[in-house]
Each structure stands twice: as C-alpha cells, then as structure tokens.
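Chemist:
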Amino acid sequence: MSQQEDTESANDLLDQAWTAVRSGLTSQQGLGSPLAKYVEYVAVDAISSSKKNKHNIKEPAYHRQALDHFDNTTQARFDQRFFYSTRHYKPASARKNGEAVPIYILDSGEADATARLPFLDTGILDILSKATGGIGIVLEHRYYGTSLPNRTEIGPGDAWGVDQLRWLTNKQALEDSADFIRHLTIPGTDNSEKRKIIYYGGSYPGARSAHMRLLYPDLVHGAIASSAVVAAVDEFPEYFYPIARGAPTNCSQAIQAAIAGIDEILAPNPLTGGNQPDRDANRTAQLLKLFGVEGLTNLGDLASLNTIPLGAFQSLNWDPAVTSTEFGKFCKVLTTYGADGKYSADSVSAQLKSEGFHVPREVHAYAHYMRKNYILPCTQGEDGQPGASADECFGTDFEAFASQTQLDANRAWTFQYCSTWGYIMTAPPAPQYIPSPDGKSKYFVSSGPKLVSTLLDYAYSHEICEKGFPAGEHYTMPARPDIDEVNKLGNFKLAVDRLAFIDGQYDPWRPATVHSEEFAYGGAREDTVTRPFKLIPDCWHHCDENGVKDEKKTPERVRLIHEQQVEFVKAWLKED
Numbered sequence: 001m002s003q004q005e006d007t008e009s010a011n012d013l014l015d016q017a018w019t020a021v022r023s024g025l026t027s028q029q030g031l032g033s034p035l036a037k038y039v040e041y042v043a044v045d046a047i048s049s050s051k052k053n054k055h056n057i058k059e060p061a062y063h064r065q066a067l068d069h070f071d072n073t074t075q076a077r078f079d080q081r082f083f084y085s086t087r088h089y090k091p092a093s094a095r096k097n098g099e100a101v102p103i104y105i106l107d108s109g110e111a112d113a114t115a116r117l118p119f120l121d122t123g124i125l126d127i128l129s130k131a132t133g134g135i136g137i138v139l140e141h142r143y144y145g146t147s148l149p150n151r152t153e154i155g156p157g158d159a160w161g162v163d164q165l166r167w168l169t170n171k172q173a174l175e176d177s178a179d180f181i182r183h184l185t186i187p188g189t190d191n192s193e194k195r196k197i198i199y200y201g202g203s204y205p206g207a208r209s210a211h212m213r214l215l216y217p218d219l220v221h222g223a224i225a226s227s228a229v230v231a232a233v234d235e236f237p238e239y240f241y242p243i244a245r246g247a248p249t250n251c252s253q254a255i256q257a258a259i260a261g262i263d264e265i266l267a268p269n270p271l272t273g274g275n276q277p278d279r280d281a282n283r284t285a286q287l288l289k290l291f292g293v294e295g296l297t298n299l300g301d302l303a304s305l306n307t308i309p310l311g312a313f314q315s316l317n318w319d320p321a322v323t324s325t326e327f328g329k330f331c332k333v334l335t336t337y338g339a340d341g342k343y344s345a346d347s348v349s350a351q352l353k354s355e356g357f358h359v360p361r362e363v364h365a366y367a368h369y370m371r372k373n374y375i376l377p378c379t380q381g382e383d384g385q386p387g388a389s390a391d392e393c394f395g396t397d398f399e400a401f402a403s404q405t406q407l408d409a410n411r412a413w414t415f416q417y418c419s420t421w422g423y424i425m426t427a428p429p430a431p432q433y434i435p436s437p438d439g440k441s442k443y444f445v446s447s448g449p450k451l452v453s454t455l456l457d458y459a460y461s462h463e464i465c466e467k468g469f470p471a472g473e474h475y476t477m478p479a480r481p482d483i484d485e486v487n488k489l490g491n492f493k494l495a496v497d498r499l500a501f502i503d504g505q506y507d508p509w510r511p512a513t514v515h516s517e518e519f520a521y522g523g524a525r526e527d528t529v530t531r532p533f534k535l536i537p538d539c540w541h542h543c544d545e546n547g548v549k550d551e552k553k554t555p556e557r558v559r560l561i562h563e564q565q566v567e568f569v570k571a572w573l574k575e576d
C-alpha cells in the first residue's frame, strides 16, 4: 500500500477526534437548513480529551484506488486513507491449530475517518480486537476526509459539480472496500498469515457493512450492521417518530403543541404543504418577530431552522462524556418557560402579548430557545462578528452551494441522498377522514407524531437536490432519488449468515432499518448466533459503537450487547 506524508501524528488526530466525536456519531442531513450562513456551523457541544492514551494507533496509511472500477470513464485515482491498531495483535504463528487472525474493519462512511478514531481506541474495534487478538482498522470512504480524487484530473473548473461527484456511488464505494481487502498489507505484521475479515459499520456505513457481507462473501467473513439504514426511503417523515416516542412525554407533547401553534399561523391548511394562500400576513409578521427573524423571505427556512434541536436527539448516548446535552436543555426550556403564565417585562413575548398576539405558551418557549441559542447570535452578531439579516443567516443560497470549490462532507452526503438514498425529511402526512373507494363508507388515513411544520413538505426539502446540483455534461441528478439501487439488495428483508443487525430502540433512523416499526413489523426475526438480531432498549444511534476504558462504567444494556458481539464473533471465527 502506498504511503504519503502526513504532518499530524495519530495522537493529535485522536485528540481531535475525541473533541468532535459527537459529530462523528451524527448525520443530520436536512435538519436546520444546512445552506444557511450560521446554521451550517452550528455544532453540538464539543467534548475534549485531556488524556494521551497508549492506543497504538498507527500513522495514517493509504491504499491507491481507481476512481472508476467498472466503466473506464476516467483514469483518475485517489489515496484511500486508513488508520490501524496492532495493540492486541496476536500473530497466526502464536495461535493454536492455524487459527486465522481477525481483522476488524470499521467503515468510516460519511465522515472524516479521524472522527471514528475513538472507536479504535476504546470502542467496538478495541473491544473485539482485545477479545480475539485481532487488528482494528478505520477505513475512510471515497470523497470524505482526505480520500479525494485530484480535482484537476476529473474535469475543467474548480467546483465539485455532478460530473465530479458521479463516481460517489454505493457500488463504487463497496468495490473500494473489496479492493482494499484484496490487497491489505499491514506494516509490522505477517501479511502472509491466514486472516478473516469482520466488517463493521454504523448508520449509513452499517448498510454498507451488510452489503459487503452480501456481495463479497468470499472476502468478508462476517459483518456487524449497527443502525444500518438498509432501506433507502425517498420521503422520510418517519425520522421524527422515534424522537416523539423516546423523548420525555411532557417534552414530546410540548414540541407538538408548539408546532401546532406555529402552523396555525404559517400553515393553516395542513393538506397543502408550503402553498398557504390563506395565511394571515399580520399574524405571520408577529410570529417572525417572536422568533427574531423579521424579513425572512422563505418561511420554510424557519420551519427548517426549528428542526435543529430535534437533530440533537440522535446524538444522545449512554456515555456522559459523549452524549449531547442540547436536547435536554431544549426540553427544559420548552416545558418550563412561561409556565406561570408570565414573561419578563422586556421580553418579546411580553411585548407581543400586550399587543394582542396570542399563541400557546409552547410557541413562546420554542421561540425563546431558538432566539437565544441560534438566531440572535447570528442576526445580532457575537464574538466580534457583525450581525446579519435573517435571510443571510438562515436563508438558502443554492448558488453558493452548487459552486463550492472545497468539497466537504455536507455536500458529498447531500449528493448521495439526493441521487440514491433519499431520506428527504418532511412533516408527516395530514390525517384525514375520507370516502372509501366504493363511496359507501369513510375511513381514516393515518399520520404520525408531528414534530415539524407542514411547511417542510417534499418540495421544500428536496429543493436542494434540484438547485444544488445543476446538470453536468456527463451526469444529471435524477428527479427523485434512485432508491432502487439500494433496495434491490434486500432492504428490510436483507439477511445472510454471519451478518448481525444491532439497533437502538429510539434511534431516529430505526424506521429505515430491519427493526423498523413502520415497515418491518418492529423486528419480526429470530435472534441466533449465525444471524444475530438485537434491539438495545432505551438506546439511540449505533450506541454499541463507542466504549469506555473502564468497562464497569458501561451500562448493563450496552455491556450485554458488547459481550454478545464478542461471543458471536468468536463463534463465527471458528467457521470456515
């Protein structure tokens, strides 16, 4: 494998990863208007690590990959970055009966690989490697981190348009992993020894983990798919349903009450999405004043902005050092602000109330939280930065997004979900009572918990796909995501021996996994050693992936899963 200079040590990269680990646990596409000036840089509270661990994570290594494995449309290549640890490595020569050395590959997915290094230090890679004398690897995904093609080799100009991104496909990325495994060489080890690959991924990488086991069974001996979104879903209001189920009841009810109050003004017709001709202009102006976004052109941008606290829910974690604190703070404000029916005299709530503007208390609370934490820091400025208009802070600038000359994870993942994966997050369908097809009776059309505004319809949420990726010479973004590219691989029914599915009870992505309550009966499968199928109670997004130095501090429900993972992996390794 080719090596290239890297100025940062693995120690420094690990510390950076611990600082940003929560962003590595989170994928919030479609939440909070990612094109906005301010929201793009909003992050959940960062944590820091003051400790230097003797983790034995090696300097990044690189494997040379073809950008196009199949159709010879380009000769461009790129260096795929990976990190590895031999801390627990036990060579085949020291094993009995010619046992194979297990190699655990964690797919970094839609993130810089350095964000996944904690999982190599104390997380699932370390847990499995320690138990079996294996080697842990974090493998970076094409078009993320430093695993990028040279922009000058893939077309004129300097923007990352669809012609430059057209090789960012599930099929090409899976072949990257296969090629990496075929030519795997790890310095300081006996590369001629017998090895068995166990592939791991969480969320989107979880789906890739399942696909690797399905499509490359001769290369991948076993796989663990955690929070694996094995079903690509075009329109995805279901993302918000587990949040309503998993949040404290009073908070869940407060969110829905606030959204109902907001939509009474901004979206009085629940059946027409963003098209609201009956909206009252005066009350709309008052609501915008309450939120501090006077003059905002597209009201859908406010609806999108209001989803930011919801995105923090999937960053909840059992480890106090890693979990997001934002959702808890949000719930506290939503359930207590103005609970006595009073607001401070100088507050915008008190001012508007005195002017005859009446909305539910929960709307005032939601607006108060958003103003303080997101809106005023941008519109009024902070840390010496000048303020800006509501449109500058929170509006969508498709032209700037389309002409980016620096490829970041946000643009790369947006291309992936627009072209293939879907997950266009919208409000739930409006419940209706309508005539049956024969006209002889009526029936109810069901809905789901309503945590977001009706204004977040498909047209609004999908607009980034239409305007953010203008047609190129060689590629045109499909009118809707080509979800069949993923779903033909099995979707909710995907199953194969030595493939484990691990999900969290309240994971917002659960509706796209094999434990989906909406599309897969909540998990109607047998749990066996050959085909493990496990749901972690009171847990969230791939919460089996991280770990702590002191295993006694791991809660029982997660420690049990880790123990079971070790048990079934050991059983798999005994099989040929």
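Residue numbers for the sequence shown follow full-length UniProt numbering, beginning at 1 and rising by one.
The beta-carbon is built from N, C-alpha and C at its ideal position, and this holds for glycine as well.
Could you check where the beta strand (DSSP E) with LYS570 kicks off and where it finishes?
Modeler: Run containing LYS570: none in the beta strand (DSSP E); it sits in the alpha helix (DSSP H), 556-573.
Chemist: Just mark residue 603 as buried or exposed, buried being the case when its beta carbon has 16 or more other beta carbons within 10 Å.
Modeler: Any property of residue 603 remains undetermined from this structure, which presents the chain solely from 1 to 576.
Chemist: I need the straight-line Cα distance from ASN250 to SER447, nearest angstrom please.
Modeler: Their Cα atoms are separated by approximately 20 Å.
Chemist: From what residue to what residue does the alpha helix (DSSP H) around ARG411 run?
Modeler: That run of the alpha helix (DSSP H) goes 409-416.
Chemist: Can you name, in chain order, every residue of its own chain whose Cβ lies under 6 Å from the Cβ of GLY360, other than the five neighbours on each side?
Modeler: For clarity, residue 360 is Pro in the given sequence; the question names Gly instead. Result list for PRO360: ALA257 and GLY261, in chain order.
Chemist: Quick check: the stretch 316-323 against the stretch 531-546, are there 3 or more CB pairs under 8 Å?
Modeler: Result yes; three or more Cβ-Cβ pairs closer than 8 Å.
Chemist: If you draw a straight line from the C-alpha of PRO428 to the C-alpha of ASP263, how long is it?
Modeler: Going from the Cα of PRO428 to the Cα of ASP263 covers about 13 Å.
Chemist: Relative to the alpha-carbon of ARG81, which residue among GLU399, TYR343, ARG116 and GLY145 has its alpha-carbon at the smallest distance?
Modeler: For the residues GLU399, TYR343, ARG116 and GLY145, the minimum Cα distance to ARG81 belongs to GLY145.
Chemist: Would you call GLN406 buried or exposed, if buried means 16 or more other Cβ atoms sit within 10 Å of its Cβ?
Modeler: Exposed, because fewer than 16 other Cβ atoms sit within 10 Å of the Cβ of GLN406.
Chemist: Around the Cβ of GLN432, are there at least 16 other Cβ atoms within 10 angstroms (buried) or fewer (exposed)?
Modeler: Classification of GLN432: exposed, given that the 10 Å Cβ count is below 16.
Chemist: Excluding sequence positions up to five away, which residues of its chain have a Cβ less than 6 Å from the Cβ of VAL220?
Modeler: Same-chain partners within the cutoff: ILE197, TYR199, MET212 and ARG213.
Chemist: For LEU451 and GLY246, I'd like the C-alpha separation in whole angstroms.
Modeler: Taking the straight line from one Cα to the other gives about 13 Å.
Chemist: By DSSP's criteria, SER85 is part of a beta bridge. Which residues make up the other side?
Modeler: Answer by DSSP bridge pairing, in chain order: ILE57 and GLY136.
Chemist: To which residues of the same chain is SER108 closer than 8 Å at the C-beta, ignoring the five residues directly before and after it?
Modeler: The residues are ALA115, ARG116, VAL138, LEU139, GLU140, HIS141, TYR144, GLY145 and PRO205.
Chemist: In whole angstroms, what is the alpha-carbon distance linking PRO386 and ALA223?
Modeler: PRO386 and ALA223: Cα-Cα distance of roughly 50 Å.
Chemist: Using three-state DSSP, classify GLY201 as helix, strand or coil.
Modeler: GLY201: strand per DSSP, three-state reduction.
Chemist: Assuming GLN565 and LEU128 are in contact, meaning their beta carbons sit under 8 Å apart, how far apart are those beta carbons, in whole angstroms?
Modeler: With 8 Å as the limit, GLN565 and LEU128 qualify as a contact, their Cβ atoms being about 7 Å apart.
Chemist: What residues in its chain sit with their C-beta under 6 Å from that of LEU287, if we drop five residues either side in the sequence?
Modeler: Once the five neighbours on either side are set aside, the close Cβ partners of LEU287 are ILE265.
Chemist: Count the CB pairs spanning the stretch 278-293 and the stretch 346-363 that are closer than 8 Å, and state whether there are at least three.
Modeler: Yes, since at least three Cβ pairs between the stretch 278-293 and the stretch 346-363 fall closer than 8 Å, the two stretches touch.
Chemist: Is it right to say PHE357 is buried, meaning 16 or more other beta carbons lie within 10 angstroms of its own, or is it exposed?
Modeler: Looking at its Cβ environment, which holds 16 or more other Cβ atoms inside 10 Å, PHE357 is buried.
Chemist: Throw me the rounded Cβ distance for the GLU153 and ALA76 pair, which I believe falls under 8 Å.
Modeler: The pair is a contact, with the Cβ atoms about 4 Å apart (cut-off 8 Å).
Chemist: Does the Cβ of LEU499 have 16 or more other Cβ atoms within 10 Å, making it buried, or fewer, making it exposed?
Modeler: Per the 10 Å Cβ criterion, buried.
Chemist: Where do the N-terminal and C-terminal ends of the beta strand (DSSP E) with ALA430 fall, by residue?
Modeler: Careful: ALA430 lies outside any beta strand (DSSP E) and carries neither H nor E.
Chemist: So, residue 578 versus HIS69, is the Cβ gap smaller than 8 Å?
Modeler: Within the shown structure, residues of the chain are numbered from 1 to 576, placing residue 578 beyond reach of any answer.
Chemist: What span of residues does the alpha helix (DSSP H) with TYR443 cover, start to end?
Modeler: Counting along the chain, TYR443 falls outside any alpha helix (DSSP H), though it belongs to the beta strand (DSSP E) covering 442-445.
Chemist: Buried or exposed for ALA43, please, with buried defined as at least 16 other CB atoms from any protein chain shown within 10 angstroms of its CB.
Modeler: For ALA43, the predicted model reports a pLDDT of 28, less than 50, meaning its position is unreliable and no value from the coordinates is stated.
Chemist: From which residue to which residue does the beta strand (DSSP E) around PHE401 run?
Modeler: That residue, PHE401, is in no beta strand (DSSP E); its alpha helix (DSSP H) goes 398-402.
Chemist: Mark LEU168 as exposed unless 16 or more other C-beta atoms lie within 10 angstroms of its C-beta, in which case mark it buried.
Modeler: With 16 or more Cβ atoms within 10 Å of its Cβ, LEU168 is classed as buried.
Chemist: Could you check whether ALA232 and THR513 sit closer than 8 Å to each other, using their CB atoms as the reference points?
Modeler: Their beta carbons are not under 8 Å apart, which means THR513 does not touch ALA232 by this criterion.
Chemist: Where does LEU25 land, buried or exposed, given buried means 16+ other C-beta within 10 angstroms?
Modeler: Because the pLDDT of LEU25 is 37, which lies under 50, any placement of that residue in the model is unreliable, and the question is left without a value.
Chemist: To which residues does DSSP link GLN164 through a beta bridge?
Modeler: Looking at the DSSP assignment, GLN164 forms no beta bridge with any residue, so it has no partner.
Chemist: Hey, how far is the Cα of VAL569 from the Cα of THR379?
Modeler: Going from the Cα of VAL569 to the Cα of THR379 covers about 53 Å.
Chemist: Should THR414 go down as buried or exposed, given a rule of 16 or more other Cβ atoms within 10 Å for buried?
Modeler: So THR414 counts as buried.
Chemist: By Cβ distance below 8 Å, which residues in the same chain neighbour ARG559 in space, the five residues on each side in sequence not counted?
Modeler: These residues qualify, in order along the chain: GLU551.
Chemist: Determine the extent of the alpha helix (DSSP H) in which VAL363 is found, giving its start and end residues.
Modeler: 361-370 is the span of the alpha helix (DSSP H), which, as asked, contains VAL363.
Chemist: Since LEU67 and PRO149 should fall inside the 8 Å C-beta cutoff, what is the C-beta to C-beta distance between them, to a whole number of angstroms?
Modeler: About 5 Å; that satisfies the 8 Å criterion.
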